[in-house]
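For reference, the structure is listed below as structure tokens.
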Amino acid sequence: MKAFIDHDHMDMLQDQNLCTRLLNWYNASHRDLPWRKTGNPYAIWVSEVMLQQTQVKTVIPYYERFLQRFPSVNELAAADLEDVLMVWSGLGYYSRARRLWEGANYILQHLNGQMPGDYDGLLRIPGIGDYTAGAIASIAFGQRIPAIDGNVKRVLSRLLAWNEPVETVRSLRRFKERLLAWQSVENPGDFNQALMELGAMVCTAAKSACGCCPLADVCRGFLGGEALLYPLKKPKTRRKDITRLTFVLRKGNKIYVQKRPAKGLLAGLWEFPGSEIEDSDGQSPNDGLPDISRDEYMVHFQKALADRGFDLLAEEQFRRGVILHGPIWYTFSHRRWKIIWVIIDLPEPRSPFPLRETEGDYSSNSKDEYSEISRWVSLENSGQTPLPVAFSGIYESLQSELTSSLQELE
DNA sequence: AAGTCGGGGTT
DNA sequence: AACCCAGACTT
């Protein structure tokens with residue numbers, strides 16, 4: 009009896025009619041998204057990279073801005089990475105921006121500026137993995153190949169009542185086999201998008217609108233009355249709490265920021281200098297401010313800044329005693345920062361000569377910014393420096409402090 | 001196979 | 001809070 013059901017179910021999934029039904033549903037009710045109005049493989053590439061781990065609603069304004077600023081592979085390749093990061097800032101996962109830029113340069117140098125037209129070629133480009141290669145190949149070039157994202161994993165796991173974690177290679181392999189047998193020959197790109205659209209609009213994570221689903225009558229999860237049991241997932245590792253002692257060097261209304269390394273956390277963005285303090289394994293939430301001695305401040309300060317030019321002034325302030333601000337909690341995917349900060353006020357320069365490290369100097373397209381590792385950004389205008397959202401709490405606190413001090417002057 | 005990489009939207 | 005999101009890459 010069970011074997012009969014399995015066989016019957018397989019037949020249903022391989023039924024051309026089912027694929028047609030999915031496409032009909034998609035054609036009738038899909039959202040009108042910007043990247044669905046173009047056949048330009050570059051634009052689709054940009055959209056797919058932005059959509060990695062990022063919701064459609066969040067991506068749309070970034071997508072429009074990015075294409076306006078970098079309309080083609082050539083123009084992206086010719087741009088400074090700094091400018092690409094500027095447009096990307098706020099979107100997160102900043103290595104995506106760097107790899108997109110690297111990918112454009114790769115295409116320009118090795119492929120004569122022409123995007124690869126198939127899965128295998130696309131897969132070699134930085135930032136294009138299994139999913140994105142399949143998505144671009146099918147959507148922009150009509151190649152018949154699956155594109156399995158989180159939506160598709162959820163839809164398939166419910167459709168098949170898949171009783172294994174969906175992240176494993178085994179699950180992925182089985183899903184690919186299934187989709188390859190099922191995928192539309194005439195329009196494989198729409199087929200892939202239809203599955204994702206179904207996952208985004210109907211077969212959603214927390215609830216699911218099975219009453220509106222065009223596949224409900226063959227969905228094992230729904231027929232068994234337990235669609236929400238799926239997808240099965242492996243348990244996740246817990247987030248680590250890390251205290252980040254942050255130093256705000258202030259000169260009038262300007263704040264000192266330095267560039268983070270090209271790889272790793274917040275790669276290539278500009279930060280307030282800081283030093284991480286591992287919260288001792290104790291599982292105490294430790295919501296208060298840590299007790300830091302003057303000597304410890306100096307050790308952290310020297311670890312945080314490469315520039316030794318501020319050591320004397322900083323030490324003097326630490327000796328006099330400092331006010332520890334915060335904490336502000338900020339959560340990443342894999343860690344949680346307890347941000348605390350001290351403000352170190354520096355004397356304003358007496359000379360009328362402009363500072364070398366200012367935004368104004370930088371923006372005058374001088375191309376020798378490779379060595380630039382620090383800047384002074386003004387609190388009123390930080391629009392030329394990609395800053396992480398993690399520090400926006402500190403930033404706003406400084407801005408409001410500035411505003412109120414200006415009001416006192418009146 | 002597990003860990004590293006953001007930020008925002010949802011329950 | 002926890003979970004999710006049109007994942008890729010490193011270890």
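Sequential numbering from 9 applies to the first sequence in my numbering. Ideal placement from N, C-alpha and C gives every residue a C-beta, glycine not left out. Please read all numbers here as calculations on a predicted model, not as lab measurements.
Approximately 13 Å separates the beta-carbon atoms of Tyr70 and Leu41; this is outside 8 Å, ruling out the contact. DSSP places Trp190 inside the alpha helix (DSSP H), whose first and last residues are Val177 to Trp190. As summarised for the region 304-359, the continuous beta strand (DSSP E) elements at least 3 residues long and confined to that stretch are 333-339 and 343-353, given in chain order. Each of Cys218, Lys161 and Leu168 was checked against the Cα of Val177, and the nearest Cα belongs to Lys161. Between Pro394 and Gly158, the alpha-carbon positions lie close to 29 Å from each other. Listed in chain order, the non-local C-beta contacts of Ser80 below 7 Å within the same chain comprise Tyr50, local neighbours out to five positions each way being set aside.
Listed in chain order, the alpha helix (DSSP H) elements of length 4 or more contained wholly in the region 233-259 amount to none.
Looking from the CA of Lys311, the closest CA among Ser283, Leu321, Asp287 and Arg302 belongs to Ser283. Taking a C-beta distance under 8 Å as the contact criterion, Ile144 and Ile52 qualify as a contact pair. The C-beta distance from Val385 to Ile263 rounds to 6 Å, short enough to fall under 8 Å. Taking 8 Å as the cut-off, the Cβ atoms of Pro335 and Ile347 count as close. Shown here for Ala213: same chain residues with a beta carbon closer than 7 Å to its own, the five before and five after excluded, namely Arg162 in chain order. Annotated three-state conformation of Arg228 is helix, per DSSP.
In the three-state reduction of the DSSP assignment, Val57 falls in the helix class. Distance check between Gly233 and each of Gln325, Ala169 and Arg316 places Ala169 closest, using alpha-carbon atoms only. The residue among Ile285, Glu279 and Phe309 with its C-alpha nearest the C-alpha of Phe399 is Glu279.
Between the region 73-91 and the region 107-123 there are three or more inter-stretch CB-CB distances shorter than 8 Å, so the stretches are counted as touching. Excluding residues up to 5 positions away in sequence, Pro154 lie with their Cβ nearer than 6 Å to the Cβ of Leu187 in the same chain.
In the structure shown, Tyr101 falls within a coil segment according to DSSP collapsed to helix, strand and coil. Only buried fits Glu205, as 16 or more other CB atoms lie within 10 angstroms of its CB. Boundaries for Lys45: no beta strand (DSSP E) harbours it, and the DSSP string shows neither H nor E there. Around the beta-carbon of Arg383, 16 or more other beta-carbon atoms lie within 10 Å, marking it buried. Taking a 10 Å sphere around the C-beta of Thr339, we find fewer than 16 other C-beta atoms and assign the residue as exposed.
In this structure the region 219-227 does not lie against the region 304-323, because fewer than three pairs of beta carbons, one per stretch, are closer than 8 Å. Distances from the CA of Leu236 to each of Leu253, Lys244 and Ser216 were compared; the closest alpha carbon is that of Ser216. In the three-state reduction of the DSSP assignment, Arg383 falls in the strand class. If you draw a straight line from the Cα of Lys65 to the Cα of Gln325, it is about 46 Å long.
In the DSSP annotation of this structure, Glu72 is not part of any beta strand (DSSP E); the continuous alpha helix (DSSP H) holding it starts and ends at Val64 to Arg77. Gly282 carries a strand assignment under DSSP once its states are collapsed to helix, strand and coil.
Glu388 sits close to Asn261, with the two beta carbons spaced by under 8 Å. Per DSSP, the unbroken alpha helix (DSSP H) holding Lys161 starts and ends at Gly158 to Leu167.
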